[in-house]
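Residue numbers (the working numbering), protein chains in the order written: chain A, 19 to 159; chain B, 19 to 159; chain C, 19 to 159; chain D, 19 to 159.
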């Protein structure tokens, strides 16, 4: 029985407690099931860039977190190696952003994801694509 | 005389003071001249992900900041519309990361940049490519 | 009335006749309606790379064609400025590949697309994301 | 002695003869040494898109070929898994395009490249970034 056949206990809440950077920014993990994860953040005054709108770094980190939980969701440690992000609309202080990561392909060593970041009004704020390398080691719990 | 012909006073320090998200993360603007910008951060305990290494969101924000200062460095407001990031090596708490953004092409409305993020030992931590849309309005000072 | 308000007559077949590179590779335009386009190709012996499987350049050109018809489908000339492609599975000689491009966001000057390339068996061969610059001129008919 | 320690005989010319798609498009391999490769093509009437300029699919295939030779140049079979391309300037029939791929990072399983595509006049036509998966098997000779 290989590692990938083993029943795994993926504990997203335990990972989230150790994900200090995302947690301190106010990013929550809403859902994390095999092949899919959802994260959320409310844009605060501390999150703005020099134009007074939500910093792309926050939007990215929100999407990257969804990607990270989704690619680790099978209980096998995986690392993002490549991401592409398109910025489609600005977000303002007070907006709630939700990122949904979906696995679109998975082989022995490589998995691919798409992430949509939407505002409460349904507008797409950003679209990410990401590639993860599957290490083969269990996700540290 | 069009805006793009006007002598401009690009004040990176003024922008940096208003770039609350990047500033609060400890990101400094080291240099910002037309077509080029350099940013720097020391990785702290508050910057780690659930594997205990530097969060990709910090590396991204550092690179994105260099990109943002470089694309606004001509004094014309520009917005990142598209970024691609390759993660090449991990960074640890205590590492100092430097991001250097270089303009590789510029037309009337679109400009392109490459950003290298390196550790103090010279290792490439991440490589970014980014596209900016040039709004034609002066950078807000 | 601006150009973007004008009723347009987008003639995909006329464009396809002039799209010599794609046409000579055997790429067909199956559908092109506002915000969406579908292209198709059968992988032939002349399409292989040095490993004997479908060359990434053919898969890319197929996806890029779908992107190009989708972003010009509103009758306003648009040019791809940025694309990202993830290769998920190989395709063999004899496989029929279908690329479907979908508009995910559109502003005055910038529009974004995702393209899925699938084999007949439904396997995702590649996923593309692309950004187009909207010139504001009518698509040449 | 692991495969990566073995002296390898990387025969770019042999690969190029089997790279039917690129060869038929008129793409030549100018140079291929460990970590670097150069390809070249003259834009012909058969290479244009519906706007009468060089098709992005040709520019991509030229850059992808340089990437492919560079990532296989160590004699270990490697496959592109992810590419990002920025289009910076158009190319016309008669232009000679040269793509230079440079390895910017390499670990046990993943390697990263940047590719510049330039016209004879030195203008950057496109900039690519790509990630390759290193299979560990020798490049088929």
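Quick reminder that beta carbons are idealized off the backbone N, C-alpha and C, glycines included.
Own chain, CB closer than 7 Å to residue i, minus 5 neighbours either side, in chain order
i: residue 71 of chain A; result: 108, 109 and 110
i: residue 102 of chain D; result: 146 and 147
i: residue 186 of chain B; result: Not covered by the structure: residue 186 of chain B. The range shown for chain B is 19 to 159.
i: residue 140 of chain D; result: none
i: residue 86 of chain B; result: 98
i: residue 22 of chain B; result: With a pLDDT of only 44 at residue 22 of chain B, under 50, the local geometry of the prediction cannot be trusted, and the value read off the model is given with reservation. Answer for residue 22 of chain B: 94, listed in chain order.
i: residue 25 of chain B; result: Low per-residue confidence applies at residue 25 of chain B: pLDDT is 42, beneath 50, and the placement is therefore not dependable, though the value from the model is reported in the following sentence. No residues qualify anywhere along the chain.
Neighbourhood of residue i by C-beta distance below 6 Å, restricted to the same chain and skipping five residues each side
i: residue 155 of chain D; result: 95
i: residue 81 of chain D; result: 117, 133, 135 and 146
i: residue 37 of chain C; result: none
i: residue 48 of chain B; result: 56 and 58
i: residue 33 of chain D; result: none
Member of the options whose CA lies at the smallest distance from the CA of residue i
i: residue 100 of chain C; options: C/113, C/118, C/131 and C/136; result: C/131
i: residue 137 of chain B; options: B/37, B/50, B/115 and B/149; result: B/115
i: residue 143 of chain D; options: B/42, B/123, B/61 and B/76; result: B/123
i: residue 79 of chain D; options: C/62, C/39 and C/106; result: C/39
i: residue 42 of chain C; options: D/76, D/125, D/152 and D/157; result: D/76
i: residue 153 of chain A; options: D/36, D/81, D/127 and D/105; result: D/127
i: residue 135 of chain D; options: D/149, D/34 and D/113; result: D/113
i: residue 60 of chain A; options: A/53, A/69 and A/46; result: A/46
i: residue 35 of chain B; options: A/48, A/69, A/88 and A/52; result: A/69
Residue interval of the beta strand (DSSP E) (run including residue i)
i: residue 50 of chain B; result: 46–51
i: residue 68 of chain A; result: No beta strand (DSSP E) contains residue 68 of chain A, which DSSP labels as neither H nor E.
i: residue 130 of chain A; result: 128–136
i: residue 118 of chain C; result: 114–124
i: residue 142 of chain C; result: 142–156
i: residue 55 of chain B; result: 54–60
i: residue 100 of chain D; result: 94–105
Same chain, Cβ closer than 8 Å to residue i, five either side skipped, listed in chain order
i: residue 62 of chain A; result: 44 and 111
i: residue 73 of chain C; result: 65, 66 and 67
i: residue 105 of chain B; result: 74, 77, 143 and 144
i: residue 129 of chain B; result: 89, 96, 121, 123, 149, 150 and 152
i: residue 53 of chain B; result: 88, 91, 92, 120, 121 and 124
Contact belief for residue i with residue j at Cβ below 8 Å, rounded distance in angstroms
i: residue 150 of chain C; j: residue 98 of chain C; result: 5 Å
i: residue 91 of chain A; j: residue 31 of chain A; result: Not really, about 13 Å apart at Cβ, beyond 8 Å.
Delimiting residues of the alpha helix (DSSP H) encompassing residue i
i: residue 79 of chain C; result: 74–89
i: residue 33 of chain A; result: 30–36
Closer than 7 Å: residue i CB and nearest the ligand SAM heavy atom
i: residue 97 of chain C; result: Among the components of this structure there are no ligands whatsoever, and the ligand SAM is therefore not found.
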